[in-house]
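Taken in order, the sequence shown gives residues 2 to 168; the numbers are from the numbering used here. Beta carbons: idealized from backbone N, C-alpha and C, even for Gly. In this text, all values refer to a predicted model and were calculated from it rather than measured experimentally.
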Amino acid sequence: MIEANVTNLDDAHWMRLALAQAQLAADLGEVPVGAVAVYAGQVIGAGYNRKEADLDPTAHAEMTALRQAAVYLRNWRLIGVTLYCTLEPCPMCAGAMIQGRLERLVYGARDTRFGADGSIVQVLREPRFNHLVKISSGVLEEEAAALLQAFFRRLRQKRGEPLAAAS
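The structure is reproduced here in structure tokens:
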């Protein structure tokens with residue numbers, strides 16, 4: 002297992018950019034998840050959740066950022082790339098990270114419904130895969146979780162659901 006829980010000020014900086022992407026999703030009525038791909042100190046890919054707008058179940062923030070990074074590098078192998086994501090990736094996105102040989106993943110909040118870094122399943126740390134992604138978790142976790150909680154609270158209020166159901 003590759004563990005990279007040492008975070009630094011750079012991680013917080015890049016995660017803030019991912020949070021800004023997540024806010025773009027929220028502003029469009031999408032579940033607020035954002036991601037940025039960083040290589041050699043610059044953003045080479047960015048994305049936010051667009052499943053509703055694109056009518057595409059694969060239009061996750063991570064997938065968009067990974068695709069843009071590959072185009073930038075002119076290579077599907079994302080060696081040297083760090084992906085910052087506001088939410089623990091789902092199995093689909095985790096699989097794309099492994100397939101793309103992503104160097105490192107940094108994420109904020111845990112995903113207790115679809116998380117593939119141990120919250121539900123353990124995809125990213127599976128030693129039988131031919132590539133292990135270095136992982137740091139919990140970076141700006143409170144901010145990422147607050148954005149999601151506020152979104153779902155507004156959604157429940159819009160639907161007329163009692164606030165007690167929001168917990």
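Below 8 Å on the Cβ atoms is my guess for residue i versus residue j; work out the distance and round it to an integer in Å.
{"i": "LEU88", "j": "ALA110", "result": "5 Å"}
{"i": "LEU67", "j": "ALA97", "result": "6 Å"}
Would you kindly report the start and end of the unbroken beta strand (DSSP E) that includes residue i?
{"i": "ILE99", "result": "Taken as a continuous stretch (DSSP letters only), ILE99 belongs to no beta strand (DSSP E), being part of the alpha helix (DSSP H) at 92 to 100."}
{"i": "LEU88", "result": "82 to 88"}
{"i": "GLY48", "result": "43 to 49"}
Can you tell me which of the options puts its alpha carbon nearest to the alpha carbon of residue i?
{"i": "ALA215", "options": "GLU127, MET64, LEU29", "result": "Here the chain has residues from 2 to 168 only, and residue 215 is not among them."}
{"i": "ILE45", "options": "GLU31, GLN24, LEU79, ALA21", "result": "LEU79"}
{"i": "PRO128", "options": "VAL107, ILE99, GLU144", "result": "ILE99"}
{"i": "GLU53", "options": "ALA41, GLU31, LEU149", "result": "GLU31"}
{"i": "LEU74", "options": "TYR40, PRO90, GLY48, CYS86", "result": "TYR40"}
{"i": "VAL34", "options": "ASP11, LEU84, ASN50", "result": "ASN50"}
{"i": "GLY42", "options": "THR113, TRP15, LEU149, HIS132", "result": "TRP15"}
{"i": "ALA27", "options": "GLU143, LEU148, GLY161, LEU133", "result": "LEU148"}
Once DSSP output is grouped into helix, strand and coil, what is the label at residue i?
{"i": "LEU148", "result": "helix"}
{"i": "ASP170", "result": "The structure shown does not extend to residue 170, since the chain is modelled only from 2 to 168, so the question has no answer here."}
{"i": "ALA117", "result": "coil"}
{"i": "VAL7", "result": "Only weak support exists for where VAL7 lies, its pLDDT of 45 falling under 50; the coordinates are left without a value."}
{"i": "LEU25", "result": "helix"}
{"i": "ARG105", "result": "strand"}
{"i": "LEU20", "result": "helix"}
{"i": "ALA38", "result": "strand"}
Starting from residue i, follow the alpha helix (DSSP H) in both directions and report where the run begins and ends.
{"i": "GLN69", "result": "62 to 74"}
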